[in-house]
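Written out below as structure tokens is the structure these notes cover.
2 protein chains.
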Amino acid sequence: MSETSWSPPTLLVTVDLVILTLRAGELNVLLVERGVEPYQGEMALPGGFLEHDGEDLLAAAHRELDEEANLAGAVLHLEQLGAYGDPSRDPRGRVVSVAHLAIAPGLPEPEAGSDAAGARWQPVGAVLSGEVRLAFDHLRILADGVERARAKLEHTALATAFCGETFTISELQQVYEAVWGVEVDPRNFYRKVQGVDGFIVPDGHKATRGRPARLFRAGARASLHPPIVRPG
Amino acid sequence: MSETSWSPPTLLVTVDLVILTLRAGELNVLLVERGVEPYQGEMALPGGFLEHDGEDLLAAAHRELDEEANLAGAVLHLEQLGAYGDPSRDPRGRVVSVAHLAIAPGLPEPEAGSDAAGARWQPVGAVLSGEVRLAFDHLRILADGVERARAKLEHTALATAFCGETFTISELQQVYEAVWGVEVDPRNFYRKVQGVDGFIVPDGHKATRGRPARLFRAGARASLHPPIVRPG
DNA sequence: CGAATAGTGTCTATAAGACATTATACT
DNA sequence: AGTATAATGTCTTATAGACACTATTCG
Numbered sequence: 588m589s590e591t592s593w594s595p596p597t598l599l600v601t602v603d604l605v606i607l608t609l610r611a612g613e614l615n616v617l618l619v620e621r622g623v624e625p626y627q628g629e630m631a632l633p634g635g636f637l638e639h640d641g642e643d644l645l646a647a648a649h650r651e652l653d654e655e656a657n658l659a660g661a662v663l664h665l666e667q668l669g670a671y672g673d674p675s676r677d678p679r680g681r682v683v684s685v686a687h688l689a690i691a692p693g694l695p696e697p698e699a700g701s702d703a704a705g706a707r708w709q710p711v712g713a714v715l716s717g718e719v720r721l722a723f724d725h726l727r728i729l730a731d732g733v734e735r736a737r738a739k740l741e742h743t744a745l746a747t748a749f750c751g752e753t754f755t756i757s758e759l760q761q762v763y764e765a766v767w768g769v770e771v772d773p774r775n776f777y778r779k780v781q782g783v784d785g786f787i788v789p790d791g792h793k794a795t796r797g798r799p800a801r802l803f804r805a806g807a808r809a810s811l812h813p814p815i816v817r818p819g
Numbered sequence: 588m589s590e591t592s593w594s595p596p597t598l599l600v601t602v603d604l605v606i607l608t609l610r611a612g613e614l615n616v617l618l619v620e621r622g623v624e625p626y627q628g629e630m631a632l633p634g635g636f637l638e639h640d641g642e643d644l645l646a647a648a649h650r651e652l653d654e655e656a657n658l659a660g661a662v663l664h665l666e667q668l669g670a671y672g673d674p675s676r677d678p679r680g681r682v683v684s685v686a687h688l689a690i691a692p693g694l695p696e697p698e699a700g701s702d703a704a705g706a707r708w709q710p711v712g713a714v715l716s717g718e719v720r721l722a723f724d725h726l727r728i729l730a731d732g733v734e735r736a737r738a739k740l741e742h743t744a745l746a747t748a749f750c751g752e753t754f755t756i757s758e759l760q761q762v763y764e765a766v767w768g769v770e771v772d773p774r775n776f777y778r779k780v781q782g783v784d785g786f787i788v789p790d791g792h793k794a795t796r797g798r799p800a801r802l803f804r805a806g807a808r809a810s811l812h813p814p815i816v817r818p819g
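Residue numbers (the working numbering), protein chains in the order written: chain C, 588 to 819; chain R, 588 to 819.
Here you go:
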């Protein structure tokens with residue numbers, strides 16, 4: 588392959604977002620309704636084109652998070668998922684998308700009237716089952732994002748990113764159950780999370796109907812030793 | 588953000604390769620000497636620009652594997668590592684690289700005179716320690732690739748991709764030791780690998796100096812239950 | 001004192017880590 | 001017989017999973 592006087596092809600790059608949160612004990616993903624062709628009127632992951640002025644991929648993801656979802660400040664976790672470059676993934680031509688995974692604590696419905704108009708939380712289950720259709724290859728990207736989140740719950744403190752500043756152990760357990768889609772034994776769960784040094788640290792108490800629950804907040808440890816493994 | 592009569596920026600996309608193999612019990616990576624600016628004369632990961640004619644990212648990685656390393660047929664494992672898009676990573680301007688991880692069984696020195704001229708196996712340790720310098724952000728990409736390989740050894744049958752068609756258990760053990768950079772107890776290792784159903788299947792015997800070793804080949808199981816975890 | 005929710009203790013099975021000996025072939 | 005390499009068994013410790021009871025608050 589000679590490189591003399593040959594100029595390489597340039598192409599379009601987008602940043603797409605899998606934004607997960609927990610609503611009413613169910614794993615939800617933020618979707619937007621497309622206002623333009625292609626796939627006009629269909630649901631899709633939030634995202635947009637990469638600006639070329641000195642903007643890192645992660646920075647672009649943060650910008651889209653703000654522009655399309657009004658979630659500039661609230662986010663606790665954002666990481667790259669991977670690049671998607673199937674030549675037929677976008678009917679407009681060759682577009683490579685760099686997908687990112689964002690985790691947000693439980694949030695209200697996005698306000699209409701902003702850039703996030705048409706943005707809606709949808710239960711992940713309904714989307715993965717095909718009940719809600721997604722544009723482009725966004726179903727695959729979502730599936731990869733959910734699997735990434737499930738796997739990271741085992742070895743990292745990601746679960747705390749689904750919670751608010753403080754949380755109870757049973758709230759944390761609900762995170763694991765909702766994301767994994769399985770039930771967890773509370774006794775073994777209490778034992779495990781308290782056995783991981785630096786995972787969660789005590790922070791007061793919470794009044795409930797019944798015995799008050801101890802409150803915790805995220806500790807300094809990012810990786811869990813030993814891991815909290817999912818059954819199977 | 589209005590999208591009326593605004594055309595999004597196009598940019599350059601490359602495919603870079605972290606090609607790992609085992610040579611003399613040591614983890615090696617394939618590097619090429621750059622023939623053109625920038626970084627002319629320095630070592631870099633093999634890679635090239637993405638062609639825009641109907642070529643998937645993985646297909647592009649396979650093509651570069653052939654063009655730059657003459658490894659079209661030999662490869663047993665190839666997967667995407669991630670996208671690297673720091674605006675300052677390439678002095679020529681905005682270039683996003685989609686990095687891939689390739690695992691090859693032990694191979695001889697690449698032939699000179701081909702497209703792979705200037706390609707050389709280098710011990711990973713020497714590169715990660717800074718003894719051998721890499722162009723662009725390729726050191727970080729390499730580090731990510733090695734960490735990915737180390738992690739995947741635990742939960743997948745990736746280790747067999749470092750071996751030939753058949754291998755002995757102690758050869759397999761050497762793979763784990765070389766990639767992880769730690770020593771492993773042979774007795775516990777034998778017990779573990781044989782306990783994972785479908786990981787390796789018997790395939791004859793191999794004459795050695797001493798008691799003949801049983802030969803195995805890769806089994807059907809891709810994910811390991813229970814995992815072969817690294818110490819630490 | 002009863003209802004509601006939070007939190008804990010025990011037993012068993014499975015896996016991990018440390019360690020020494022036996023087995024088979026070749027010279 | 002000696003040497004070189006392959007393969008295995010046992011003991012101890014740690015972690016996982018199943019399971020039922022005690023603790024604290026409020027009305």
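Ideal Cβ positions, reconstructed from N, Cα and C, are used throughout, including at glycine.
query: What's the gap between the Cα of E590 (chain R) and the Cα of L604 (chain C)?
result: For E590 (chain R), the predicted structure reports a pLDDT of 49, less than 50, and the residue's modelled location is therefore unreliable. The matter cannot be settled from this model.
- request: Would you decide whether M588 (chain R) is buried or exposed? Buried here means 16 or more other CB atoms lie within 10 Å of its CB.
  value: Reliability fails at M588 (chain R), whose pLDDT of 49 lies under 50, so the model's placement of it is uncertain and the value that follows must be treated cautiously. Per the 10 Å Cβ criterion, exposed.
query: Going by beta carbon distance, what residues of the same chain come within less than 7 Å of G660 (chain R), once the five residues before and after it are set aside?
result: Nothing meets the Cβ criterion.
- prompt: Which runs of the alpha helix (DSSP H), 4 residues or longer, sit entirely within the region 699-728 of chain C?
  reply: With a minimum length of 4 residues, the continuous alpha helix (DSSP H) runs that stay inside the region 699-728 of chain C are 711-715.
Host alpha helix (DSSP H) of A800 (chain C) (start-end): A800 (chain C) -> not in any alpha helix (DSSP H); beta strand (DSSP E) instead, spanning 800-805.
field: Distance between beta carbons of A744 (chain C) and R808 (chain C), contact taken as under 8 Å
entry: Right, their Cβ atoms sit about 6 Å apart.
- prompt: How would you list, in chain order, the residues of chain C whose beta-carbon sits under 7 Å from the beta-carbon of Q667 (chain R)?
  reply: Within chain C, the residues near Q667 (chain R) are G669, A670.
field: Beta bridge counterpart(s) of P789 (chain R) as assigned by DSSP
entry: According to DSSP, P789 (chain R) bridges with R:F803.
query: Does any C-beta atom of chain R lie closer than 7 Å to the C-beta of R681 (chain C)?
result: Taking Cβ atoms only, chain R reaches closer than 7 Å to R681 (chain C), which makes this a yes.
query: Mind checking I606 (chain C): buried by the 16 CB within 10 Å criterion, or exposed?
result: By the 10 Å Cβ count, I606 (chain C) comes out buried.
- prompt: With 7 Å set as the bound, which would you pick, yes or no: does the beta-carbon of F749 (chain C) sit closer than that to a beta-carbon of chain R?
  reply: Chain R places no beta carbon closer than 7 Å to that of F749 (chain C), leaving this residue out of the contacts.
Pair within 7 Å by beta-carbon distance, Q709 (chain C) and G669 (chain R): Inclusion of Q709 (chain C) and G669 (chain R) in the CB contact set at 7 Å is not warranted, their separation being larger than that value.
Validate contact between the region 784-799 of chain R and the region 722-731 of chain R using beta carbons, cut 8 Å, 3 pairs: Verdict: no, contact absent.
field: is_contact[G641 (chain R), chain C] using C-beta, thresh 7 Å
entry: Closer than 7 Å to some Cβ of chain C, the Cβ of G641 (chain R) qualifies, so yes.
- prompt: Of the residues R:G635, R:L614, R:L715, which one's Cα is nearest the Cα of G622 (chain R)?
  reply: The shortest Cα separation from G622 (chain R) among R:G635, R:L614, R:L715 belongs to R:G635.
message: Looking at L652 (chain C): is its Cβ nearer than 7 Å to the Cβ of L658 (chain C)?
response: It is a contact, given that the beta carbons lie within the stated cut-off.
- prompt: Between C:Q627, C:T601, C:R676, which lies nearest to E642 (chain C) when the distance is taken from Cα to Cα?
  reply: The residue with the shortest Cα to Cα distance from E642 (chain C) is C:T601.
- prompt: Between the beta-carbon of L663 (chain R) and the beta-carbon of H742 (chain R), is there less than 7 Å?
  reply: Not closer than 7 Å, so no.
query: In chain C, which residues lie with their C-beta within 9 Å of the C-beta of L598 (chain R)?
result: Here the neighbours are T597, L598, L599, V600, L637, H639.
- prompt: When we look at the beta-carbon of T608 (chain R) and count the other beta-carbons within 10 Å, is it buried (16 or more) or exposed?
  reply: It is buried - the Cβ of T608 (chain R) has at least 16 other Cβ atoms within 10 Å.
- prompt: Which one of C:A748, C:H687, C:L614, C:V766 has the shortest CA to CA distance from L816 (chain C)?
  reply: Strictly speaking, residue 816 (chain C) in this sequence is Val, with Leu absent from that position. The residue with the shortest Cα to Cα distance from V816 (chain C) is C:V766.
message: Measuring straight from C-alpha to C-alpha, what distance separates H639 (chain R) and W593 (chain C)?
response: A direct Cα-to-Cα measurement between H639 (chain R) and W593 (chain C) gives close to 14 Å.
field: Chain-ordered neighbours of L644 (chain C) on chain R, where CB pairs are closer than 9 Å
entry: Proximity of chain R to L644 (chain C) at the Cβ level (cut-off 9 Å) is accounted for by A670, Y671, G672, D673, V683, in chain order.
- prompt: With 7 Å set as the bound, which would you pick, yes or no: does the beta-carbon of L802 (chain C) sit closer than that to a beta-carbon of chain R?
  reply: It does not: the Cβ of L802 (chain C) has no partner Cβ on chain R nearer than 7 Å.
query: Under 7 Å, do A656 (chain C) and P633 (chain C) count as touching if we go by C-beta distance?
result: Yes, they are a contact pair.
- prompt: Where does V623 (chain C) fall in DSSP's three states?
  reply: Correct three-state label for V623 (chain C): coil.
- prompt: V711 (chain R) and V616 (chain R): beta carbons closer than 7 Å?
  reply: Between V711 (chain R) and V616 (chain R), the C-beta spacing is below 7 Å.
- prompt: Grouping DSSP H, G and I as helix and E and B as strand, with all else coil, what is H812 (chain R)?
  reply: H812 (chain R): coil per DSSP, three-state reduction.
Backbone CA spacing between Q760 (chain C) and F776 (chain C) [nearest angstrom]: Taking the straight line joining both Cα atoms gives about 7 Å.
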